[in-house]
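If you're matching positions, the sequence shown starts at 1117 in this note's numbering and goes up one per residue. Ideal Cβ positions, reconstructed from N, Cα and C, are used throughout, including at glycine. Down below is the structure, laid out as structure tokens.
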Amino acid sequence: MGTVLSLVGAMNPLIQATSDWMHRLGRLALPCLVPVVIVPSVRAQASTVDCDRCHGDREFLVGKRDAPGEDAALYVPQSVLRSSRHRELTCRECHTGYDDAFPHQPGRSTASCQSCHGDEGRDWAASSHAVSAGNGDSPTCVRCHGAHDIVGVEDRASPIHPLNEAGLCGDCHGDSNILAAYFTDPADSVARSAVERYHETVHGLAVSERGLVVSATCSDCHSPHRVLPADSSSSSIHRDRISDTCGACHLGVVETYRQGAHGTALLAGTTNVEGHGAPVCTDCHAAHGVAAVDEAWRAGVVDECGACHERLYETYFETYHGKVTRLGGELTAKCADCHTAHGNLPAHDPRSSVHASNLLAVCSRCHQGASDRFVQYHPHGDPHDRDRYPKLYWPWTLMSSLLIGVFGFFGTHTVLWLARGVVEGARGRAEGDKR
Ligand code: HEC
Ligand code: HEC
Ligand code: HEC
Ligand code: HEC
Ligand code: HEC
Ligand code: HEC
Ligand code: HEC
Ligand code: HEC
Ligand code: HEC
Ligand code: HEC
Ligand code: HEC
């Protein structure tokens, strides 16, 4: 074995010299010989044979570009193309006008990717990325896929494989120069923190730590090609479409959401009594900072509900459950324990978790042995609301009137008594002075 290797080593300069000589011969002699002698058969395989002769020979290419190091890009051997998804293509199907070998003649051109991939091409052309692709700051097809070593998304080596993709997008979206040049508006704070937040929360951790290829990567939410800002109506992250985007994976959740009051109100464009529109997934869960649903998160999301249901939020905190929540009680009932997380419906709807017929089941989850009487307790009891809670309003009004009456009477009595004391005291002193 050793001798074979040293023999090959010794022959190296010879092999090199021969190959250099063949190149020179090829460049000088072939152009004259080929047309005369073997035109038909070589033409048939020209694209493979011709190109690889030079572009598959690293040593020949050394120094063929002015700037040092740039000649490496000229090295495109057939084997690279053969192990890519374009293995069925020839060099010529993308590069036309190179048939005269070297030096390549004017008029040659390289086909655009979109000439064969029309759909992806149209989506990309309509995206934010197409705007600044000219100056190299935002990605073209080649930046995300490569030019010759293109493999499918399922290939572990692909830059767009789920376990690699956040790194690809992060090269730019985590780059301080790009952020300083394109995302300076105060409204761009989501964009500026996107990469960092993603990596430290549930979807990013599922990729980096749990190796889950089915977790959400950047392009699952932003789409791979039609990448657009949230305020564009055809963006995958527009408010009207975000539930479909998350729902592509969380299908069971989005089905429930669509049947609930929130999903229905979003579709109809209606608001609640306090004038707020319907919430979408990201209002309660955030976009890049999607957190695991644990007790601390459950307690925090009560404030999100309260941002739109202001009065019910106040009444909740006036009652037992709310007060315990404020004190940090984890086991007590939060909004979603009674209303469900995604299928909330008004109390008069028989499907609602807070419809009279379902309350016993809901309260019994925590209050074992709860009775029909127990569930008549009002979790939002508001004694100011006569229409909704007459049983609270009238006793409260009576008690308040009684209190005001009693305190009013004795208060007045005391004031008068005091006044009288003062007057009589003054009168007593005046009479004493006279004496
Ligand atoms: C005889 C050697 C040789 C052959 C054969 C050859 N090339 Fe080249 N090619 C070169 C060299 C050297 C360069 C670098 C020249 C430069 O950049 O000015 C080059 C440059 C290129 C470039 C870079 C872009 C450009 O236009 O400069 C492309 C693309 C290319 N060749 C494609 C092909 C294809 C496709 C074939 C086969 C049909 C082919 N070449 C056959 C030597 C060759
Ligand atoms: C699917 C289309 C496609 C095929 C097939 C293809 N190329 Fe290319 N090639 C490209 C594109 C696109 C570029 C420009 C890359 C860029 O912008 O960085 C390119 C660039 C090149 C370059 C120049 C690199 C540079 O940095 O200037 C060479 C040389 C080259 N190709 C040779 C070949 C050879 C040889 C083959 C066949 C083995 C081949 N190509 C097959 C699309 C293709
Ligand atoms: C910002 C990065 C990015 C850019 C730019 C980009 N792509 Fe993609 N492309 C992706 C990702 C990510 C996927 C994988 C989508 C998926 O998960 O199925 C993809 C998938 C594809 C697919 C495979 C589709 C399929 O159904 O399997 C093709 C073809 C494609 N892109 C072509 C293009 C073309 C052509 C361009 C330029 C017009 C382009 N891409 C620009 C990221 C990009
Ligand atoms: C001459 C037509 C042609 C050109 C130009 C072309 N492609 Fe393709 N591409 C194909 C064909 C054919 C396939 C194989 C489709 C298949 O396997 O189903 C393919 C497959 C792909 C795939 C894999 C799709 C998958 O299902 O996973 C990607 C990604 C891709 N091309 C990207 C590109 C990019 C990027 C460019 C530009 C550098 C490009 N293509 C240029 C014809 C072309
Ligand atoms: C080569 C650098 C680069 C790469 C790679 C890149 N982007 Fe971008 N992206 C940009 C730049 C620059 C802009 C701003 C374009 C502009 O406003 O002109 C941008 C804009 C965006 C926007 C905001 C749209 C807007 O107009 O506000 C989103 C969302 C986005 N990219 C997502 C992605 C995703 C997802 C990936 C990976 C699949 C990705 N980008 C890969 C550079 C990049
Ligand atoms: C789970 C879905 C999801 C994932 C994963 C995700 N994003 Fe986002 N992204 C969103 C949503 C939703 C918004 C819009 C937030 C808003 O309403 O302002 C957004 C906004 C953005 C913006 C600002 C767009 C604008 O309109 O100004 C950029 C840039 C961005 N994301 C980049 C990324 C990058 C890079 C990654 C991967 C590291 C990523 N995102 C991962 C959902 C996601
Ligand atoms: C109004 C606020 C709100 C909206 C809108 C919302 N969620 Fe939730 N989500 C919650 C709450 C609260 C929980 C916790 C439920 C619990 O206590 O078990 C939750 C739990 C979850 C869980 C974890 C399930 C579990 O119980 O562990 C997922 C996944 C989820 N939501 C996804 C979504 C998706 C996808 C959407 C959009 C279709 C969405 N959410 C819309 C409030 C919301
Ligand atoms: C590509 C699929 C995919 C998309 C799109 C997606 N998710 Fe997820 N999501 C997952 C997976 C997988 C997990 C589980 C991660 C784990 O357990 O490590 C998860 C976890 C979650 C959790 C945590 C659940 C828990 O029990 O702690 C929430 C909340 C969530 N996603 C909400 C969303 C929201 C909101 C969106 C849209 C903005 C969204 N997801 C988009 C796949 C996705
Ligand atoms: C972005 C504002 C917003 C947020 C946040 C929000 N809601 Fe709503 N909610 C609405 C709107 C709008 C409706 C529909 C009102 C209607 O149809 O009268 C509604 C309806 C409801 C209903 C049905 C009652 C009715 O009047 O139709 C319940 C119950 C409810 N929400 C509970 C919650 C809970 C629990 C949370 C937190 C987990 C929450 N909401 C978060 C806006 C919001
Ligand atoms: C202990 C269970 C419980 C908790 C906790 C709870 N609710 Fe309620 N909620 C109810 C019941 C029962 C009703 C219907 C009877 C009523 O109006 O008092 C109701 C009514 C509502 C309604 C009006 C529904 C309609 O039919 O008009 C909204 C909106 C609402 N709650 C939101 C919230 C919000 C927001 C929170 C948290 C801040 C919350 N709820 C906490 C049980 C609860
Ligand atoms: C997620 C669990 C949970 C749910 C669901 C729940 N509660 Fe509670 N509730 C508690 C906890 C915990 C306390 C505090 C018990 C204690 O410390 O004594 C409490 C306290 C109370 C109290 C005051 C103390 C007492 O035990 O008398 C009332 C009244 C009450 N709940 C009524 C209800 C009603 C009515 C429902 C259904 C509409 C309900 N709760 C649903 C957990 C829950």
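Alpha-carbon spacing of residue i relative to residue j, whole angstroms
{"i": "Val1306", "j": "His1261", "result": "26 Å"}
{"i": "Ser1199", "j": "Ile1276", "result": "17 Å"}
{"i": "Thr1398", "j": "Asp1501", "result": "33 Å"}
{"i": "Gly1385", "j": "Ser1352", "result": "19 Å"}
{"i": "Asp1287", "j": "Ala1402", "result": "23 Å"}
{"i": "Leu1350", "j": "Gln1484", "result": "Sequence check: residue 1350 is Ser here, not Leu. The straight-line gap from Cα to Cα measures roughly 50 Å."}
{"i": "Val1538", "j": "Phe1523", "result": "22 Å"}
{"i": "Asp1336", "j": "Thr1212", "result": "36 Å"}
{"i": "Leu1205", "j": "Cys1257", "result": "18 Å"}
{"i": "Ala1364", "j": "Gln1375", "result": "16 Å"}
{"i": "Gly1444", "j": "His1496", "result": "19 Å"}
{"i": "Glu1467", "j": "Gly1327", "result": "Residue identity check: residue 1467 is Arg in the sequence provided, not Glu. In a straight line, the C-alpha of Arg1467 is about 39 Å away from that of Gly1327."}
{"i": "Gly1521", "j": "Leu1447", "result": "41 Å"}
{"i": "Glu1433", "j": "Asp1498", "result": "The sequence shown places Phe at residue 1433, rather than the Glu named in the question. Each residue's alpha carbon lies about 11 Å from the other."}
{"i": "Trp1413", "j": "Glu1430", "result": "20 Å"}
{"i": "Lys1450", "j": "Asn1293", "result": "44 Å"}
{"i": "Trp1558", "j": "Thr1435", "result": "Lying outside 1117 to 1551, the shown extent of the chain, residue 1558 is not represented and no answer is given."}
{"i": "Gly1223", "j": "Ala1217", "result": "13 Å"}
{"i": "Glu1426", "j": "Gly1416", "result": "15 Å"}
{"i": "His1341", "j": "His1220", "result": "34 Å"}
{"i": "Val1409", "j": "Leu1321", "result": "14 Å"}
{"i": "Gly1541", "j": "Val1531", "result": "15 Å"}
{"i": "Asp1304", "j": "Ala1297", "result": "12 Å"}
{"i": "Leu1295", "j": "Ala1263", "result": "27 Å"}
Other residues of its chain near residue i: CB distance less than 7 Å, five sequence neighbours each side excluded
{"i": "Ala1463", "result": "Val1470 and His1471"}
{"i": "Tyr1191", "result": "His1171, Arg1174 and Leu1177"}
{"i": "Cys1479", "result": "Ala1486, Phe1490 and Val1491"}
{"i": "Arg1203", "result": "Leu1197"}
{"i": "Lys1180", "result": "Asp1187 and Leu1190"}
{"i": "Asp1265", "result": "Val1196 and Ser1200"}
{"i": "Ser1243", "result": "His1341, Arg1342, Val1343 and Leu1344"}
{"i": "Ser1225", "result": "Thr1212 and Gly1213"}
Closest residue to residue i among the options (Cα-Cα distance)
{"i": "Tyr1314", "options": "Pro1302, Ala1332, Gly1327 and Ala1297", "result": "Ala1332"}
{"i": "Arg1504", "options": "His1366, Leu1428, Tyr1373 and Glu1371", "result": "Leu1428"}
{"i": "Cys1482", "options": "His1437, Ala1542 and Gly1172", "result": "His1437"}
{"i": "Asp1569", "options": "Pro1511, Val1329, Lys1507 and Thr1530", "result": "Since the first residue of the chain shown is 1117 and the last is 1551, residue 1569 is not available in this structure."}
{"i": "Asp1453", "options": "Leu1383, Ala1477, His1220 and Asp1235", "result": "Ala1477"}
{"i": "Leu1383", "options": "Arg1169, Ala1407, Thr1441 and Arg1355", "result": "Arg1355"}
{"i": "Arg1442", "options": "Trp1512, Val1418 and Gly1185", "result": "Val1418"}
{"i": "Glu1325", "options": "Thr1300, Gly1290 and Asn1280", "result": "Asn1280"}
{"i": "Asp1166", "options": "Arg1208, Thr1300 and Gly1185", "result": "Arg1208"}
{"i": "Tyr1214", "options": "Leu1295, Asp1168, Ala1407 and Val1323", "result": "Asp1168"}
Spatial neighbours of residue i in its chain, beta-carbon cut-off 8 Å, leaving aside the 5 residues before and after
{"i": "Arg1357", "result": "Ser1351"}
{"i": "Tyr1373", "result": "Ser1359, Gly1363, Gly1379, Cys1397, His1458 and Gly1459"}
8 Å contact criterion, which residue i and residue j should meet: CB distance rounded
{"i": "Cys1424", "j": "His1392", "result": "4 Å"}
{"i": "Val1318", "j": "His1458", "result": "With 8 Å as the limit, Val1318 and His1458 do not qualify as a contact, their Cβ atoms being about 17 Å apart."}
{"i": "Cys1334", "j": "Cys1400", "result": "So it is not a contact: roughly 21 Å between Cβ atoms."}
{"i": "Val1343", "j": "His1233", "result": "Rounded, the Cβ-Cβ distance is 16 Å, inconsistent with contact."}
{"i": "Ala1227", "j": "Cys1210", "result": "5 Å"}
{"i": "Leu1514", "j": "His1494", "result": "That pair is no contact at about 18 Å."}
{"i": "Gly1268", "j": "Ser1274", "result": "7 Å"}
{"i": "Ser1517", "j": "His1404", "result": "Rounded, the Cβ-Cβ distance is 55 Å, inconsistent with contact."}
{"i": "Pro1278", "j": "Val1323", "result": "7 Å"}
Cβ neighbours of residue i in the same chain (closer than 6 Å, five flanking residues each side left out)
{"i": "Pro1395", "result": "His1378"}
{"i": "Thr1456", "result": "Ser1469"}
{"i": "Cys1229", "result": "Cys1257"}
{"i": "Asp1249", "result": "Note that residue 1249 is Ala in the sequence shown, not Asp. Thr1256."}
{"i": "Gly1290", "result": "Val1311"}
Check your understanding: What are the uninterrupted segments assigned as alpha helix (DSSP H) that are 4 or more residues long and contained completely in the stretch 1473 to 1510, given in chain order?
Key -> 1475 to 1480
Exercise for review: Entirely within the stretch 1321 to 1377 and at least 4 residues each: give me those alpha helix (DSSP H) ranges in chain order.
Suggested key: Taken in chain order, the complete alpha helix (DSSP H) segments of 4 or more residues contained in the stretch 1321 to 1377 are 1334 to 1338, 1355 to 1363 and 1367 to 1375.
Point to revise | Contiguous beta strand (DSSP E) assignments of at least 3 residues, all confined to the stretch 1375 to 1444 | key: none
Point to revise | Ranges of the alpha helix (DSSP H) found wholly within the stretch 1173 to 1261, counting only runs of at least 4 | key: 1174 to 1177, 1194 to 1198, 1207 to 1210, 1234 to 1241, 1244 to 1247 and 1257 to 1261
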